[in-house]
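Chemist: Residue numbers (our numbering): 2 to 376.
Glycine residues also receive a C-beta, built at the ideal position from the N, C-alpha and C atoms.
As the structure is a computational prediction, the values presented were derived from the model and not from experiment.
Structure below; questions to follow.
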Amino acid sequence: MFDLRKEHRHQRAVIAALDMPVQAYDTRVLLDELAMLLRSLNIEVVGEIIQKRDKPDPAYMLGKGKIAESALFCKEVRADIFVCNEQLTPGQRVNMQKILGIEIWDRPFVIMKIFERRARTTEARLQVELAMCQYEIPHLKGLGRQMSRLGAGIGTRGPGETEFERHRRKLERRVRDINDKLLQVRKRRTFQRYRREKAGIPTVALAGYTNSGKSTLLQQLSEGRDLYIADQLFSTLDTFVRKVKLPAGHNVLVSDTVGFIRDLPPTLIAAFRTTLEEISLASLILLVLDGSMPDVLETLEVVEDTLFDIDASTIPRIVVLNKIDKLDSTLIPFLQTRLELQSKAPVKVISALTGEGIEDLLQEVESQLFNKTIT
Numbered sequence: 002m003f004d005l006r007k008e009h010r011h012q013r014a015v016i017a018a019l020d021m022p023v024q025a026y027d028t029r030v031l032l033d034e035l036a037m038l039l040r041s042l043n044i045e046v047v048g049e050i051i052q053k054r055d056k057p058d059p060a061y062m063l064g065k066g067k068i069a070e071s072a073l074f075c076k077e078v079r080a081d082i083f084v085c086n087e088q089l090t091p092g093q094r095v096n097m098q099k100i101l102g103i104e105i106w107d108r109p110f111v112i113m114k115i116f117e118r119r120a121r122t123t124e125a126r127l128q129v130e131l132a133m134c135q136y137e138i139p140h141l142k143g144l145g146r147q148m149s150r151l152g153a154g155i156g157t158r159g160p161g162e163t164e165f166e167r168h169r170r171k172l173e174r175r176v177r178d179i180n181d182k183l184l185q186v187r188k189r190r191t192f193q194r195y196r197r198e199k200a201g202i203p204t205v206a207l208a209g210y211t212n213s214g215k216s217t218l219l220q221q222l223s224e225g226r227d228l229y230i231a232d233q234l235f236s237t238l239d240t241f242v243r244k245v246k247l248p249a250g251h252n253v254l255v256s257d258t259v260g261f262i263r264d265l266p267p268t269l270i271a272a273f274r275t276t277l278e279e280i281s282l283a284s285l286i287l288l289v290l291d292g293s294m295p296d297v298l299e300t301l302e303v304v305e306d307t308l309f310d311i312d313a314s315t316i317p318r319i320v321v322l323n324k325i326d327k328l329d330s331t332l333i334p335f336l337q338t339r340l341e342l343q344s345k346a347p348v349k350v351i352s353a354l355t356g357e358g359i360e361d362l363l364q365e366v367e368s369q370l371f372n373k374t375i376t
């Protein structure tokens, strides 16, 4: 099956995607992002395949002929892994592996591998393991059908089927065990939030695309207190909460947690429910965007969609256009106006790195939370 703990260093991958008439995002953008995700796992992308189709092939995702063609290409470039941008069904994965003869991954699996590598605390590791178990269980069904043929006759159970069932039960027991442990974490978090509410301190959650600068912003707001900051995807999987003093003297608690990305696997969203509640139960959301990204308007849409998925779409928000130190200053007013129109929320422009615009942002936070005009 999948060796989820195995390190894949210096491996070579061919990436593939469908180009369909109706799809949420541009195929080129999706493939570039998939390549970036793989590079963060130290996997070299040695080729790509794009197939125009009206809809996915139910048996192979790409057409069977394209998969056969891909097998020759993968052999030519000495690829170890074939990675589909689209999420694969168990059957598609099994069928593709038969023809390609190398490891078959999809985008959700790649993202979970990154989460696995970034997890540093017990809670984060538990949440990642839960997501991986929930991802693997349905895929066992496809493998189980293959295994059951190893000696199984009509009305009999082959040794492969028995092994499949044993592994599935083991995973299901592990899921129950992890859920029990995370329930205790959730109870502690609920009690902590109760104490904050009782103290009358509002909570502000940082939400945004991965690597948009949320952790750097929290460090800037909390005047440099200890935080792990790295220029990499999903550097933050845990929740960090810091007290921040606003211009007129009010205190707020600002939390930073996991970043978002296109097609974030539902199993990860479900597994990180306890962590993401810091956003869905906040008084105010700072929606942080990387202004240096060419598709910044599209990333706003991704973040807003994810906020909807975690029941946080109705919480008041401020859009924070970050990394303006990397932007041509003449573009900033244009981007600010476009973001205001798209988000229907106030937009503040800042550089979390240099501190530019931070005071103006804090004044807007104070105005929204305490219904106060700052002069």
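Determine, using beta carbons only, whether G260 and Y195 come nearer to each other than 8 angstroms.
Modeler: Contact: no.
Chemist: Distance, Cα to Cα, D58 vs Q98?
Modeler: If I take the Cα positions, the gap works out to 15 angstroms.
Chemist: Report yes if the C-beta distance between A1 and I280 is below 8 angstroms; otherwise report no.
Modeler: Look at the range of the chain in this structure, 2 to 376, and you will see that residue 1 is not part of it.
Chemist: Please state whether DSSP places M62 in a helix, a strand or coil.
Modeler: Strand at M62.
Chemist: Considering only C-alpha positions, which residue in the set F273, C85, R339 and L328 is nearest to T307?
Modeler: It is F273 whose Cα lies nearest to the Cα of T307.
Chemist: State the start and end residues of the unbroken beta strand (DSSP E) segment that holds I82.
Modeler: Here the beta strand (DSSP E) through I82 covers I82 to C85.
Chemist: What are the boundary residues of the alpha helix (DSSP H) that includes D306?
Modeler: Here the alpha helix (DSSP H) through D306 covers V297 to D310.
Chemist: For F74, name the three-state secondary structure that DSSP assigns.
Modeler: Note: F74 maps to helix in three-state DSSP.
Chemist: Inspect the beta-carbon positions of F74 and V111 and report whether they are closer than 8 angstroms.
Modeler: No, they are not a contact pair.
Chemist: Can you tell which of F371, M21 and R29 has its C-alpha closest to the C-alpha of G201?
Modeler: Measuring from the Cα of G201, the nearest candidate turns out to be F371.
Chemist: Look at the alpha carbon of M62 and the alpha carbon of S344, and state the distance between them as a whole number of angstroms.
Modeler: If you take the alpha carbons of M62 and S344, they lie about 35 angstroms apart.
Chemist: Whose C-alpha, out of D361, L362 and A283, is nearest the C-alpha of R197?
Modeler: Ranking D361, L362 and A283 by Cα distance to R197 puts A283 first.
Chemist: Cutting at 7 angstroms between CB atoms, please list the residues of its own chain near M21, excluding the five before and the five after it.
Modeler: Within the same chain, M21 has close Cβ partners R54, D55 and K56.
Chemist: For E34, which of helix, strand or coil comes out of DSSP?
Modeler: Note: E34 maps to helix in three-state DSSP.
Chemist: Whose CA, out of N43, V84, D27 and A25, lies closest to the CA of E49?
Modeler: If we check each option's Cα against that of E49, V84 comes out closest.
Chemist: Tell me which residue opens and which closes the beta strand (DSSP E) that Q220 is part of.
Modeler: It is not in any beta strand (DSSP E) - Q220 instead sits in the alpha helix (DSSP H) that spans K215 to L222.
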